[in-house]
Amino acid sequence: MQISPSILSADFANLERELDRIGNADWAHVDVMDAHFVPNLTLGLPVVEALQKVSPIPLDCHLMIEDPDRWAPSYAEAGAGSVTFHVEAAQDPVRLARALRSAGARAAMALKPGTPFAPYEDLLPELDMVLVMTVEPGFGGQSFMADQMPKVTQVREAVRRHGGEVWIQVDGGVSASTIEQCAEAGADVFVAGSAVYGADDAAAAVDRLRELARSHTH
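Quick look at the structure:
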């Protein structure tokens, strides 16, 4: 059970300090948005390269961008521990996943709420993680979509069938009140933004979320 706090909810003027607040987390989730694939603009490669130098934990880069085939490998080359591309935007997901792995990152595929998993199940051997979005990508602070839980379970069952070590991540509206149902559905990596950074003690919030997830393992 891993917690990946999203710095989308952090203070962008003090990112090094904000990363230090979550030093007990497993990953720092970095939302890269290009104002094309999603209607918001956040940060890009130069900021990720700077964060990589100061982060106490590995970076989990979630690329909500057009043309990830072209841009995603650079994030792996910059030292991100995990790089997630959206399958809706990828031209050649197999080639892209292999490029990410060969650059030293874990390769992950994200699915928007409206994107079914079944057509992409055969990609599992190429992947280290599948991200099931539990909000529409593009903005922080949205409400959790419980109707995505059957998709999480579907991915978990497919991973069991295929074998191999593929993590299942959920992102969007994950908090102390929703993380248990995510864990029960089969998720094991949890992205939390405001639930961590909105807390007075971010590290304590991370520990609490991990504890809640562990007590509801599928």
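All residue numbers for the sequence shown refer to this note's numbering, where the first residue is 2 and numbers rise by one.
Glycine is no exception: its CB is placed at the ideal position from the N, C-alpha and C atoms.
DSSP, reduced to helix, strand and coil, places ARG22 outside both helices and strands of the structure shown, so it counts as coil. Look at the region 12-78 and you find these whole runs of beta strand (DSSP E), each 3 residues long or longer: 29-34 and 60-65. In terms of CA proximity to MET150, LEU112 leads the group LEU128, PRO120, LEU112 and HIS163.
Ranked by Cα distance from PRO138, the options HIS87, LEU125, ALA79 and VAL95 are led by HIS87. Restricting attention to ALA186, ARG162, PHE191 and TRP168, the CA atom closest to the CA of SER176 is found in PHE191. Sequence-distant partners of SER56 (beyond 5 residues in either direction) whose C-beta falls short of 7 Å from its own C-beta, in its chain, are LEU20 and ALA29. Fully enclosed alpha helix (DSSP H) runs of no fewer than 4 residues occupy 94-103 of the region 71-117, in order along the chain. Judged by pairs of C-beta atoms under 8 Å, the region 102-120 does not touch the region 3-23, as fewer than three such pairs exist. The residue from GLY142, LEU52, PRO117 and GLU17 with its alpha-carbon nearest to that of ASP148 is PRO117. Counting other Cβ atoms within 10 Å of its Cβ, GLY115 stays below 16 and is therefore classed as exposed. Here PHE145 is buried, its C-beta having at least 16 other C-beta atoms within 10 Å. Scanning its chain for C-beta atoms nearer than 8 Å, with the 5 sequence neighbours on each side dropped, one finds around ASP129 the residues SER83, ARG102, ARG107, ALA108, ALA109, GLU166, VAL167 and TRP168, in chain order. If you compare the alpha carbons of ASP35, ALA81 and GLY173 with that of VAL136, the shortest gap goes to GLY173. A contact is defined here as three or more CB-CB pairs under 8 Å, and the region 12-26 meets this definition with respect to the region 194-214. Residues SER5, TRP28, HIS30 and SER83 of the same chain have their beta carbon placed closer than 6 Å to that of ASP61, with the five preceding and five following residues left out of the count. Non-local C-beta neighbours of THR179 in its own chain, meaning closer than 7 Å and more than five positions away in sequence, comprise PHE145, ordered along the chain. Boundaries of the beta strand (DSSP E) around VAL190: 190-193. Here the C-alpha atom of ASP189 lies approximately 8 Å from the C-alpha atom of VAL171. Exclusion of the five residues before and after GLU122 leaves ALA159 as the residues of its chain whose Cβ lies within less than 7 Å of its Cβ. 8 Å or more divides the Cβ of GLU67 from the Cβ of ALA98. Relative to ARG71, the option among LEU52, PRO59, ALA51 and ASP93 whose CA is nearest is ASP93. The DSSP-derived three-state label of LEU132 is strand.
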